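Report on the following structure.
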Amino acid sequence: MLQRYAWLSVAAALATIALKTWAWHATGSVGLLSDALESLINLAAALLAVSMLRLAAAPPDEKHPYGRFKAEYVASGIEGALIAFAAVAIVWSALPRLAAPQPIEAPLFGIALSAVATAINLACALTLISVGRREHSIALEADGRHLMTDVWTSAGVVAGVALVAVTGWLILDPLIAIAVALHIVWTGALLVRRSFSGLLDAAIAVPEQEMVEKIFVEYRRRHGVDFHALRTRQAGSRRFISFHLLVPDAWTVAHAHELSEEVEERIRELVPNAILLTHIEPISQPASYDDIKLERW
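In this text, residue positions in the sequence shown follow the numbering used here: the first is 2, and each later residue adds one.
Here it is, written out as structure tokens:
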């Protein structure tokens, strides 16, 4: 299902490339050229998102028993790098115009074409961000945020072309193009940073951790059990959660297992896409408290 939304991004990128290239060809505006170049990066990023979402959806196998969910971080990280590359291309195109500004032809026609392309990107971006948040897909959300950046970029470029047409200040065109480049570099850096954090097995969001802790508090009170060694990490849309459940010595294995299944089900209801691992230990055994840390010394 997620791949279908990624293909929507591919279609939007193709449409906006055609419209923005037409707008640049009609006006000669380097600002509109910078906008068209960024749309090429959008297309590359969308195709990458399709391939990485397909890889992330592949079932676990012998070599990848935990699945390939982190493939989404690869897509997001590479997309951030592509954004930075687009910024360099924009500055490269704008610098000659700083030294020798050129007039803009047919500005109203160029603005109209860019406005249609911006509307397409806006609709697609809002859809991808919404679905990405709902399905906890960083690849889709990153693609949507990239497109949203393109929306603001296009708005700035259109404003620049309009200002040049009204004021006659030709230097505004390359200056706005360079400003666009600086803005998208910041967006790319944020995407790379978020992807890098995910590859380092970052913990799940604090609100989700707090929900797990609330369940632990409830079961401590109701059943006289205890919990420790809670560890969490994210991998794409998946949340991996492990903890130790300490039960009274008199409990049978079946009783302890039944309670652990109940606790895990409660957590799954509150934390979407959670994969849980519970380790059951006797509550009065001193050795049960020796393995709280990840590594035992």
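Each residue gets a CB set at the ideal place from its N, CA and C atoms; glycine is no exception.
Keep in mind the model is a prediction, meaning the values are calculated, not measured.
Tell me the rounded alpha-carbon separation between residue i and residue j.
i: ASP62; j: ARG69; result: 10 angstroms
i: TRP187; j: ALA275; result: 32 angstroms
i: ARG55; j: LEU173; result: 43 angstroms
i: LEU260; j: LEU20; result: 60 angstroms
i: ALA14; j: ILE84; result: 14 angstroms
i: LEU123; j: HIS224; result: 52 angstroms
i: ASP144; j: THR154; result: 15 angstroms
i: ALA46; j: TYR220; result: 46 angstroms
i: ALA57; j: PHE110; result: 43 angstroms
i: ALA113; j: ALA160; result: 12 angstroms
i: TRP298; j: ALA230; result: Because the pLDDT at TRP298 is just 49, under 50, the model does not fix this residue reliably, and the value given afterwards should be weighed accordingly. Straight-line Cα distance between these residues: approximately 15 angstroms.
i: ARG232; j: ALA16; result: 45 angstroms
i: ILE281; j: MET53; result: 36 angstroms
i: PHE228; j: THR119; result: 52 angstroms
i: THR150; j: ALA251; result: 60 angstroms
i: ALA50; j: SER10; result: 9 angstroms
i: ALA72; j: ALA204; result: 17 angstroms
i: LEU48; j: TRP8; result: 8 angstroms
i: LEU38; j: ALA88; result: 9 angstroms
i: HIS147; j: ILE130; result: 10 angstroms
i: TRP23; j: LEU127; result: 25 angstroms
Bridge partners of residue i, per DSSP?
i: LEU243; result: Checking the sequence, you will find Ser at residue 243 rather than Leu. Bridge partners of SER243: ARG232 and LEU278.
i: VAL248; result: PRO283
i: ASP227; result: LEU247
Within 10 angstroms of its Cβ, does residue i collect 16 or more other Cβ (buried), or is it exposed?
i: TYR6; result: buried
i: ASP291; result: exposed
i: TYR74; result: buried
i: HIS256; result: exposed
i: HIS303; result: Because the chain spans 2 through 298 in this model, residue 303 falls outside it and cannot be assessed.
i: ILE293; result: exposed
i: VAL254; result: exposed
i: GLY358; result: Outside the shown range of the chain, which is 2 to 298, sits residue 358, and nothing can be said about it.
i: GLU270; result: exposed
i: ARG194; result: exposed
i: ASN285; result: The sequence as given places Ser at residue 285; Asn does not occur at that position. Looking at its Cβ environment, which holds fewer than 16 other Cβ atoms inside 10 Å, SER285 is exposed.
i: ARG240; result: buried
Can you name, in chain order, every residue of its own chain whose Cβ lies under 7 angstroms from the Cβ of residue i, other than the five neighbours on each side?
i: VAL92; result: ILE179 and ALA182
i: PHE299; result: Residue numbering for the chain in the displayed model covers 2 to 298; residue 299 lies beyond these limits and cannot be assessed.
i: LEU278; result: SER243
Looking only at its own chain, which residues have a Cβ that is under 8 angstroms from the Cβ of residue i, when we skip the five neighbours before and after it?
i: ARG267; result: ILE216
i: GLU214; result: LEU231
Ignore the nearest five residues each way along the sequence and tell me which others in residue i's own chain have a CB closer than 6 angstroms to its CB.
i: LEU200; result: TYR74
i: LEU164; result: LEU173
i: ALA76; result: LEU49, ALA50, MET53 and ALA140
i: GLY81; result: GLY189, LEU192 and VAL193
i: ASP202; result: ARG234
Which parts of the stretch 122-177 are runs of the alpha helix (DSSP H), unbroken and 4 residues or longer, counting only runs that do not cross its ends?
139-168
Ignoring anything shorter than 3 residues or poking outside the stretch 45-87, list the beta strand (DSSP E) runs there in chain order.
none
Unbroken alpha helix (DSSP H) runs of length 4 or more, entirely within the stretch 173-227: which are they?
173-200 and 207-224
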